[in-house]
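Novice: First, the structure itself, so that you have it in front of you.
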Amino acid sequence: MSATRIHRYIIREIAVPTAMALFIFTFVILMGRMLKLVEMVLNKGIPILEIARLFAYLMPAFLVITVPLSFLLGVMLGFGRLSGDSEIIAIKTSGVSLYGMMKPVVVLAVVASLTTGALTLFAAPASNTAFRNQVFEIASKRASVGIRPRIFNADFDGLVLYTENIDDRSGVMDGIFISDERGGATPAVILARRGRVISDSESLTLTLRLENGSIHRSPREKEKDTYQVVNFAGYDINLNMGEQLTSSQSRIKKDRELTMAELGDRYRDATTDKARSAITVERHNRFILPLAPLIFALIGVPLGIQSNRSGKGGGFALALAVFLGYYILYSLAKTLAVESGFPPVPTVWTPTVLFLLGGGYLLHHAATERRLKFLDRLSELYLHLTRRSMRRK
Numbered sequence: 001m002s003a004t005r006i007h008r009y010i011i012r013e014i015a016v017p018t019a020m021a022l023f024i025f026t027f028v029i030l031m032g033r034m035l036k037l038v039e040m041v042l043n044k045g046i047p048i049l050e051i052a053r054l055f056a057y058l059m060p061a062f063l064v065i066t067v068p069l070s071f072l073l074g075v076m077l078g079f080g081r082l083s084g085d086s087e088i089i090a091i092k093t094s095g096v097s098l099y100g101m102m103k104p105v106v107v108l109a110v111v112a113s114l115t116t117g118a119l120t121l122f123a124a125p126a127s128n129t130a131f132r133n134q135v136f137e138i139a140s141k142r143a144s145v146g147i148r149p150r151i152f153n154a155d156f157d158g159l160v161l162y163t164e165n166i167d168d169r170s171g172v173m174d175g176i177f178i179s180d181e182r183g184g185a186t187p188a189v190i191l192a193r194r195g196r197v198i199s200d201s202e203s204l205t206l207t208l209r210l211e212n213g214s215i216h217r218s219p220r221e222k223e224k225d226t227y228q229v230v231n232f233a234g235y236d237i238n239l240n241m242g243e244q245l246t247s248s249q250s251r252i253k254k255d256r257e258l259t260m261a262e263l264g265d266r267y268r269d270a271t272t273d274k275a276r277s278a279i280t281v282e283r284h285n286r287f288i289l290p291l292a293p294l295i296f297a298l299i300g301v302p303l304g305i306q307s308n309r310s311g312k313g314g315g316f317a318l319a320l321a322v323f324l325g326y327y328i329l330y331s332l333a334k335t336l337a338v339e340s341g342f343p344p345v346p347t348v349w350t351p352t353v354l355f356l357l358g359g360g361y362l363l364h365h366a367a368t369e370r371r372l373k374f375l376d377r378l379s380e381l382y383l384h385l386t387r388r389s390m391r392r393k
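Reminder that position 29 of the sequence shown reads as 29 in the UniProt record's numbering, one-by-one numbering, no gaps.
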């Protein structure tokens, strides 16, 4: 068998489980957000099409995680099957060494890395911004369309709004009554002749603008003989549509929503070391995450070959353990860099360098056909636990 056919065969063995894992992992992560979005459909009356847009905007941020994880699992399952069926030995007999078998793996790793890089550098920031804008658009529509005359409206956190009449075209309300219990302050009743909801797409704010009214505050316990009345010609109330709709309602973009150029501008404008460290971490994060598939290629091949005894279940568990170990260390490094004042650049790159060196060590061991004892023990432990669980059933 020629080397080209062997490489194609290896690519197929890795690509199929990778694609299946990518679909499953992405679906599972989306299910985590599904509950909140379904609640928005059922309780807020938001059209399903707009919810579908929110799902689409969430995808790039999820794929940044699921692409490397799926690739790692695909490599381990692919080489685990090749090793379990003794095809690794047959391939070596045909004159292709383990390093030669790494060529198609590296090609796939580069594709996965470029995909992840495109997501972190371009797609994710744009989709995060689009998600926030879509949430604000939903909130704006809900605020203006959801208000009905002669019905108490409790869509706004801490506010109950009632209006005698509302013009469907202009949105102007007449005869407004509001119960205001926001922020634990003294409850107030607000009366106004007219009002309307105003949305500002630039600052992502919703404002209820009232005209010709008065604010009535109930007396406190220590001031039972007092009653406050404040008359106004104009009064603005900032509206909050609840956590599901306004988690993204902020005037200032988050770092993850900025392009690389915008991050550079924010870094120059930052006034504290913590802010500069956070921006530095975010900038390097967009180059570190795309390297994960290359690292997982070095780690996945030797682990897949040696974990063949524990089957697909053991390979999945080991892949998940490697993935979680990497991202836990990386998250810890980011926290140390931002919160504890550690030098941001060397700190956030440390887990990547350590896993890169570890992957090279594992690959060298596998190429020289030396087994790692701790992996054999882990496989034996997994098989032992699996047998015990099967007996209990």
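We treat Cβ as the ideally placed atom computed from N, Cα and C, and that holds for glycine.
Mark Asn231 as exposed unless 16 or more other C-beta atoms lie within 10 angstroms of its C-beta, in which case mark it buried.
Specialist: Reading the sequence shown from its first residue, position 231 is the one you call residue 231. With fewer than 16 Cβ atoms within 10 Å of its Cβ, Asn231 is classed as exposed.
Novice: Just mark Met34 as buried or exposed, buried being the case when its beta carbon has 16 or more other beta carbons within 10 Å.
Specialist: Residue numbering aside, residue 34 sits at position 34 when the sequence shown is read from its first letter. With fewer than 16 Cβ atoms within 10 Å of its Cβ, Met34 is classed as exposed.
Novice: Of the choices Lys103, Asn128, His7, whose alpha-carbon is the least far from that of Met59?
Specialist: What you label residue 59 is simply residue 59 of the sequence shown in a count that begins at 1. The option with the nearest alpha carbon to Met59 is Asn128.
Novice: Measure the C-alpha to C-alpha separation of Tyr326 and Ser307 and round it to an integer number of angstroms.
Specialist: Within the sequence shown, the letter at position 326 stands for residue 326. Within the sequence shown, the letter at position 307 stands for residue 307. Taking the straight line joining both Cα atoms gives about 19 Å.
Novice: Could you pull the DSSP bridge partners for Leu208 from this structure?
Specialist: Counted from its first residue, the sequence shown places residue 208 at position 208. Paired residues: Val197, Ile237.
Novice: Counting Cβ pairs, one atom from each stretch, are 3 or more of them under 8 Å apart for the stretch 83 to 92 and the stretch 146 to 153?
Specialist: Judged by Cβ distances under 8 Å, the stretch 83 to 92 makes no contact with the stretch 146 to 153, as fewer than three pairs qualify.
Novice: Look up Arg217 in the DSSP assignment and give the residues it is bridged to.
Specialist: Here residue 217 corresponds to residue number 217 of the sequence shown, with the count starting at 1. DSSP output for Arg217 lists Ala188, Gln228 as bridge partner(s).
Novice: Buried or exposed: where does Glu282 fall if 16 or more other Cβ atoms within 10 Å of its Cβ makes it buried?
Specialist: In the sequence shown, counting from the first residue as 1, residue 282 sits at position 282. Per the 10 Å Cβ criterion, buried.
Novice: Can we say the stretch 260 to 280 touches the stretch 226 to 240, given the rule of at least three CB pairs closer than 8 Å?
Specialist: No, the stretch 260 to 280 does not touch the stretch 226 to 240.
Novice: Comparing C-alpha positions only, which one of Ile10, Leu49, Gly80 sits nearest to Gly315?
Specialist: For the purposes of this step, residue 315 is taken as residue 315 along the sequence shown, with counting starting at 1. Out of Ile10, Leu49, Gly80, Gly80 has the C-alpha closest to the C-alpha of Gly315.
Novice: From the DSSP output, in three-state form, read off Ser248 for me.
Specialist: To locate residue 248, count along the sequence shown from 1; it is residue 248. Because the pLDDT at Ser248 is just 49, under 50, the model does not fix this residue reliably, and the value given afterwards should be weighed accordingly. DSSP places Ser248 in coil when its eight states are reduced to three.
Novice: Which residue from Pro351, Leu108, Phe342, Val301 puts its Cα closest to that of His365?
Specialist: If you number the sequence shown from 1, residue 365 lands on position 365. Of Pro351, Leu108, Phe342, Val301, the residue nearest in Cα terms is Val301.
Novice: Could you tell me the distance, in whole angstroms, from the CA atom of Ile279 to the CA atom of Arg12?
Specialist: Position 279 of the sequence shown holds residue 279. Position 12 of the sequence shown holds residue 12. Taking the straight line joining both Cα atoms gives about 40 Å.
Novice: Which residues share a DSSP beta bridge with Tyr162?
Specialist: Within the sequence shown, residue 162 is the residue found at index 162, counting from 1. For Tyr162, which the question treats as bridged, DSSP gives the partners Phe177.
Novice: Could you give the distance in angstroms between the alpha-carbon of Arg5 and the alpha-carbon of Ala123?
Specialist: Start at 1 with the first residue of the sequence shown, and residue 5 comes out as number 5. Start at 1 with the first residue of the sequence shown, and residue 123 comes out as number 123. Arg5 and Ala123: Cα-Cα distance of roughly 35 Å.
Novice: How close, in whole Å, do the beta carbons of Val160 and Ile176 come, if the pair is a contact with beta carbons under 8 Å?
Specialist: The residue you call residue 160 lines up with position 160 of the sequence shown. The residue you call residue 176 lines up with position 176 of the sequence shown. That belief does not hold up - the Cβ atoms of Val160 and Ile176 are roughly 11 Å apart, past 8 Å.
Novice: So Pro351 and Ala333 are in contact, right, with Cβ under 8 Å, and what is the actual spacing, rounded?
Specialist: Indexing the sequence shown from 1 puts residue 351 at position 351. Indexing the sequence shown from 1 puts residue 333 at position 333. Yes, they are in contact, since the Cβ atoms of Pro351 and Ala333 sit about 5 Å apart, within 8 Å.
Novice: Just curious, the alpha helix (DSSP H) that Leu119 is in, first and last residue?
Specialist: Within the sequence shown, numbered from 1, the residue matching residue 119 stands at position 119. Careful: Leu119 lies outside any alpha helix (DSSP H) and carries neither H nor E.
Novice: Does the stretch 103 to 112 come within contact of the stretch 233 to 240, defined as at least 3 CB pairs closer than 8 Å?
Specialist: The answer is no - the stretch 233 to 240 does not touch the stretch 103 to 112, with fewer than three Cβ pairs under 8 Å.
Novice: Does the beta-carbon of residue 438 have 16 or more other beta-carbons within 10 angstroms, so that it is buried, or is it exposed?
Specialist: Residue 438 is absent from the model: the chain starts at 1 and stops at 393.
Novice: Would you mind sorting Pro346 into buried or exposed? The rule is 16 or more other CB atoms within 10 Å of its CB.
Specialist: Translated into the one-based positions of the sequence shown, residue 346 becomes position 346. Pro346 should be labelled exposed.
Novice: Leaving out five residues on either side along the sequence, give the residues of the same chain with a beta carbon under 7 Å from the beta carbon of Ala270.
Specialist: The residue given as residue 270 occupies position 270 in the sequence shown. Result list for Ala270: Arg276, Ile279, in chain order.
Novice: Tell whether a beta-carbon distance below 8 Å holds between Ala192 and Glu164.
Specialist: Locating residue 192 in the sequence shown gives position 192, counting from the first residue. Locating residue 164 in the sequence shown gives position 164, counting from the first residue. No, they are not a contact pair.
Novice: In the DSSP assignment, what are the bridge partners of Asn153?
Specialist: The count along the sequence shown starts at 1 and reaches residue 153 at position 153. Answer is Leu161, bridged to Asn153.
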